[in-house]
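A.B. asks:
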Amino acid sequence: MRNTGPVTVRKLHPLFGAEVSGIDITRPLSAREFGPIRAAFEEHSVLLFRDQPMDDAQQIQFSENFGPLETTLSANPAAGTKFARQSNLDIETGQPIPNDDMRMIYQKANYFWHSDSSFKRIPSLCSMLTARVCPPTGGNTEFLCMRAAWDALPPAIQATVEPLVAEHALAYSRDRVQKGILSAKALAELPPVKQRLYQDNPINGRRALYIGAHAGHIVGWPYDTGRAFLAELMERAQRPEFVFSHEWREGDAIVWDNRAILHRATAYDTVKHKRLMQRTTIGGDAPTVSQ
Ligand code: OGA
Ligand code: MN
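Note that the numbering used here gives residue 252 to position 260 of the sequence shown, counting from 1, and the numbers run on in steps of one.
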């Protein structure tokens, strides 16, 4: 496809999400071609592109339009690369990994609502996930609109939340799957960080509640009180009408705004079916709060 026609943006859900068509994102884009995509990203938070089969190099090239990419940490099978691999396939043999294998257990943390890299001092701007191999059924990715979640909070709770800072760490989400699952190396490379409980979009000012499975407790509060408050906020946020569930087709690519969206994986038959998704993660430009 030559990128000569108009780019079309079609809403996927009343609150957020849009499908972008009329542009081939597998080839290099000029600043003029990328402009409307970036604007749609700031506005809609989740962008779906269909029928864009791509390889790793093409995914990196498109992702870099949003900014520099993060390098994957030791806990993922693709450690040291620009990819986080979400798959039930052994990286060497291409065959399904048994369900009781640590690599499968570890991925179960993706079933909790989260924002990628909220456990990093400078958290991620956005992630891009491409569907390379899809199961015939199941394995949807779900997205939760945290702008709507913020707007739905009673004003008194918004006022409580505003000055707060949460401690985030990868261990908080991984311990929910199985205590002690992270290696000493993984723990050492990721000391806990502080994050504000909201993020404001720099272009349109829309505020989003910023929590999720890596958030452990509230700085300066008794641990259990902070944990319970985070659980209450999560409970308030996850209304069915704030969720968009995406059923993947091979060749799909989705970019989501980690500042404004929580996401989670859903189950599929990992013994019978194959799933291979490649994620690139684009870094943010500043911490949400001084550390
Ligand atoms: C991710 C993620 C969900 C999925 O790639 O960051 O959470 O459905 N993926 O694979
Ligand atoms: Mn994720």
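C-beta: ideal position from N, C-alpha, C; glycine also. All values derive from a computational prediction rather than experimental measurement.
Just mark Q170 as buried or exposed, buried being the case when its beta carbon has 16 or more other beta carbons within 10 Å.
C.D. replies: Sequence index remark: in the sequence shown, residue 170 carries index 178 (1-based). Exposed is the call here.
A.B. asks: For H206, which residues in the same chain have their Cβ closer than 8 Å to its Cβ, ignoring the five residues on either side in sequence?
C.D. replies: Reading the sequence shown from its first residue, position 214 is the one you call residue 206. Excluding residues within five positions, the ones whose Cβ falls inside 8 Å are H106, S107, S110, F111, H160, A161, L162, Y164, S165.
A.B. asks: If we require 4 or more residues per run, which alpha helix (DSSP H) segments fall completely within the region -7 to 39?
C.D. replies: The region -7 to 39 contains these whole alpha helix (DSSP H) runs: 23 to 36.
A.B. asks: Let's test the definition: count the other Cβ atoms within 10 Å of the Cβ of E62 and tell me whether it reaches 16, buried, or not, exposed.
C.D. replies: Residue mapping note: residue 62 aligns to position 70 of the sequence shown, counting from 1. Label assigned to E62: buried.
A.B. asks: So what does DSSP say about F54, is it helix, strand or coil?
C.D. replies: Start at 1 with the first residue of the sequence shown, and residue 54 comes out as number 62. If DSSP states are grouped into helix, strand and coil, F54 belongs with the helices.
A.B. asks: In the structure shown, what three-state DSSP assignment does F234 receive?
C.D. replies: Residue 234 sits at position 242 when you count from the first residue of the sequence shown. The answer is helix: DSSP assigns F234 an H, G or I state.
A.B. asks: Are the beta-carbon atoms of L136 and L254 separated by less than 8 Å?
C.D. replies: Here residue 136 is taken as the residue at index 144 of the sequence shown, counted from 1. Here residue 254 is taken as the residue at index 262 of the sequence shown, counted from 1. Contact: yes.
A.B. asks: Flag this pair as yes or no: are the beta carbons of R42 and L268 separated by less than 8 Å?
C.D. replies: For the purposes of this step, residue 42 is taken as the residue at position 50 of the sequence shown. For the purposes of this step, residue 268 is taken as the residue at position 276 of the sequence shown. Against a cut-off of 8 Å, the Cβ pair of L268 and R42 comes out as no contact.
A.B. asks: According to the Cβ coordinates, are G73 and T85 closer than 8 Å?
C.D. replies: One-based indexing of the sequence shown puts residue 73 at position 81. One-based indexing of the sequence shown puts residue 85 at position 93. With the sequence shown as reference, residue 73 is identified as Thr, and Gly is not the correct amino acid for it. The answer is no: Cβ separation not under 8 Å.
A.B. asks: Should A257 be listed as close to the ligand OGA, given that the test is whether its C-beta is under 7 Å from any heavy atom?
C.D. replies: Here residue 257 refers to the residue found at position 265 of the sequence shown. A257 Cβ: within cutoff of the ligand OGA.
A.B. asks: Considering only DSSP beta bridges, list what C126 is partnered with.
C.D. replies: Against the sequence shown, residue 126 aligns to sequence position 134. Note: C126 sits in no beta bridge, so no partner.
A.B. asks: Under the DSSP definition of a beta bridge, which residues are partnered with E159?
C.D. replies: In the sequence shown, counting from the first residue as 1, residue 159 sits at position 167. BP columns for E159 point to K186, H209.
A.B. asks: Please report how far the alpha carbon of H36 lies from the alpha carbon of F8, in whole angstroms.
C.D. replies: The count along the sequence shown starts at 1 and reaches residue 36 at position 44. The count along the sequence shown starts at 1 and reaches residue 8 at position 16. Straight-line Cα distance between these residues: approximately 5 Å.
A.B. asks: Looking only at its chain, what residues have a beta carbon closer than 7 Å to the beta carbon of N68, apart from the 5 residues adjacent to it on each side?
C.D. replies: For the purposes of this step, residue 68 is taken as residue 76 along the sequence shown, with counting starting at 1. Only A76, R77 meet the Cβ criterion.
A.B. asks: For a test of your reading of the model: does the CB of N102 fall under 7 Å from any non-hydrogen atom of the ligand OGA? Yes or no.
C.D. replies: Translated into positions along the sequence shown, residue 102 becomes position 110. Answer for N102: yes, Cβ within range of the ligand OGA.
A.B. asks: Between A223, F104, I97, L201, which has its C-alpha nearest I173's C-alpha?
C.D. replies: In the sequence shown, counting from the first residue as 1, residue 173 sits at position 181. Of A223, F104, I97, L201, the residue nearest in Cα terms is I97.
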